[in-house]
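Trainee: Below: one structure in structure tokens.
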Amino acid sequence: MAIGLIGRKVGMTRIFTEDGVSIPVTVIEATPNRVTAVKTQDVEGYSALQVTAGTVKANRLNKPEAGHFAKVGVDAGRGLWEFR
Numbered sequence: 743m744a745i746g747l748i749g750r751k752v753g754m755t756r757i758f759t760e761d762g763v764s765i766p767v768t769v770i771e772a773t774p775n776r777v778t779a780v781k782t783q784d785v786e787g788y789s790a791l792q793v794t795a796g797t798v799k800a801n802r803l804n805k806p807e808a809g810h811f812a813k814v815g816v817d818a819g820r821g822l823w824e825f826r
């Protein structure tokens with residue numbers, strides 16, 4: 743199973759090497775990731791971790807998403823991602 747981290751792109755900047763060469767880099771804000779489900783081979787047919795990141799207002803969620811977050815007891819996040 744792969745391990746990952748969900749983040750949000752904040753912008754771009756550059757860093758300089760000792761030779762003075764400019765290298766463009768991406769700035770990523772890595773907010774805490776919360777596990778919302780553990781999928782197993784026996785039940786789902788594959789093994790994976792489902793995670794969410796960031797925060798979102800409760801009124802921005804549809805009913806199925808709000809129910810899913812309430813069922814597992816975590817704060818609502820910006821989305822759901824799976825790492826297999």
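Counting from 743, one number per residue, gives the positions in the sequence shown under our numbering.
The beta-carbon is built from N, C-alpha and C at its ideal position, and this holds for glycine as well.
Short check: CB of valine 814 to CB of threonine 778, under 7 Å?
Mentor: If you number the sequence shown from 1, residue 814 lands on position 72. If you number the sequence shown from 1, residue 778 lands on position 36. For valine 814 and threonine 778, yes; Cβs fall inside 7 Å.
Trainee: Out of Arg826, Gly762, Arg802 and Ala795, which one is the CA nearest neighbour of lysine 751?
Mentor: Position 9 of the sequence shown, counting from 1, holds the residue named residue 751. Minimum Cα distance to lysine 751 is reached at Ala795.
Trainee: Check whether the Cβ atoms of arginine 820 and alanine 790 lie closer than 7 Å to each other.
Mentor: Within the sequence shown, numbered from 1, the residue matching residue 820 stands at position 78. Within the sequence shown, numbered from 1, the residue matching residue 790 stands at position 48. Not a contact, by the Cβ cut-off of 7 Å.
Trainee: Are arginine 756 and proline 766 closer than 7 Å when you measure CB to CB?
Mentor: Residue mapping note: residue 756 aligns to position 14 of the sequence shown, counting from 1. Residue mapping note: residue 766 aligns to position 24 of the sequence shown, counting from 1. Against a cut-off of 7 Å, the Cβ pair of proline 766 and arginine 756 comes out as a contact.
Trainee: My output table needs one value for valine 798: the three-state DSSP class, helix, strand or coil.
Mentor: Indexing the sequence shown from 1 puts residue 798 at position 56. Here valine 798 sits in coil by DSSP.
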